[in-house]
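Below: the structure, in structure tokens.
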Amino acid sequence: MKILLSNDDGYQAPGIVALYEALKSIADVEVVAPEQNNSAKSNALTLHSPLYVHRAANGFRYVNGTPADCVHIALTGLLGYRPDLVVSGINNGANMGDDTIYSGTVGAAMEGYLFGIPALAFSQVEKGWSELDAAARKAREIVEQIQAQSMIGHQPWLLNVNLP
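The opening position of the sequence shown corresponds to residue 2 in my numbering, with each subsequent residue numbered one higher.
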């Protein structure tokens, strides 16, 4: 399984690092995330400014754009293949109710969905990254269940998951 991983808190955020570490044992994971925090950018795309892609020392790619920009760039040529799943997160704080409309975490997953790829957005309800490893393990379990139930490869869907 090939996963595109993004977020809205930036490529150095503890949530994306923990989620990458949890998922890399079950999938080929490619990270393309914003250079800095882009919370509450929803599904915004950058239209009138140049975007640049860089590679960090850890292999993650980062973009000077929004979460949706990152997924859009990855899916329109950067990766060179179509991932089986787009995953966004782990966000620092819940994404429930009206927050889902504004969320960059959900926006990144939505961009994958708009490209016809199943997508997951993960957020941790408690802010401050407490119990982050446990949240990342639970996210991995959810991805494993989705894979086991053959939910990947048929039609696109989008799930927003808030973890304790």
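Virtual Cβ for every residue (Gly too), placed ideally from N, Cα, C.
Worksheet item: What first and last residue would you give for the beta strand (DSSP E) that runs through Glu31?
Response: Element bounds for Glu31: Asp29 to Pro35.
Worksheet item: At which residue ranges does the stretch 79–165 contain complete beta strand (DSSP E) runs of 3 or more residues, listed in the order of the chain?
Response: 86–93, 120–125 and 159–164
Worksheet item: Nearest to Lys139 by alpha carbon, out of Ser151, Phe123 and Ala45?
Response: Phe123
Discussion item. Which residues does DSSP list as the beta-bridge partners of Leu5?
Written reply: Glu31 and Val87
Practice prompt. Just mark Gly98 as buried or exposed, buried being the case when its beta carbon has 16 or more other beta carbons within 10 Å.
Written response: exposed
Discussion item. Which residue marks the beginning of the alpha helix (DSSP H) containing Tyr21, and which one marks its end?
Written reply: Pro15 to Leu24
Worksheet item: Helix or strand or just coil, what does DSSP make of His49?
Response: coil
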